[in-house]
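The structure appears right after this line, and notes come after that.
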Amino acid sequence: MPISVILLVVALAVIAGVYFVLTMQKHMLGQGAEERSIDIRILDKQSVAIPNPQQHEDPEEYWIYVEPMEGGPKREFQVGIHYYHALQPGDCGTLTYRGAEFIHFAKLQRH
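The opening residue of the sequence shown carries number 79 in our numbering; numbering runs sequentially from there.
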């Protein structure tokens, strides 16, 4: 088998591997994702204890579970303690996020 065919196969394998890693980072980890805003309803919230937290770490993680007002998949976002305590299930508003990263929530004021 000529060496050029072997080099071509190796080069294609490297390109495929790099493409796979970049695609996974974008779609699974949200790296390079654009910032988006959607109107949502908060379904639930949960605090999860962190086993063996470092001295400077919060001993819990705080999560909210949301559903788009216009339909679509339910999602979960890790939030800070201030959002966790300020938001309640049933609250509606505009969620800003980037990939899987929570950025901001603007609560809809009820009149």
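Cβ coordinates follow ideal geometry from the N, Cα and C atoms, glycine included.
Keep in mind it's a predicted model, so treat the numbers as computed, not measured.
With a threshold of 6 Å on Cβ separation, who are the neighbours of residue i within its own chain once the five nearest residues in sequence on each side are excluded?
| i | result |
| --- | --- |
| S115 | T172, T174 |
Which of the three DSSP states is assigned to residue i in this structure?
| i | result |
| --- | --- |
| A111 | coil |
If I measure Cβ to Cβ from residue i and keep anything under 8 Å in the same chain, skipping five residues before and after, which residues do I get?
| i | result |
| --- | --- |
| Y143 | I120, L121, D122, K123, Q124, K152, R153, E154 |
Looking only at its own chain, which residues have a Cβ that is under 7 Å from the Cβ of residue i, when we skip the five neighbours before and after it?
| i | result |
| --- | --- |
| I181 | E113, T174, Y175 |
Kindly indicate the opening and closing residues of the alpha helix (DSSP H) around residue i.
| i | result |
| --- | --- |
| M106 | 81 to 106 |
Would you decide whether residue i is buried or exposed? Buried here means 16 or more other CB atoms lie within 10 Å of its CB.
| i | result |
| --- | --- |
| I118 | buried |
Point to revise | 4-residue-minimum alpha helix (DSSP H) runs that sit fully inside the region 115 to 178, ordered along the chain | key: 159 to 164
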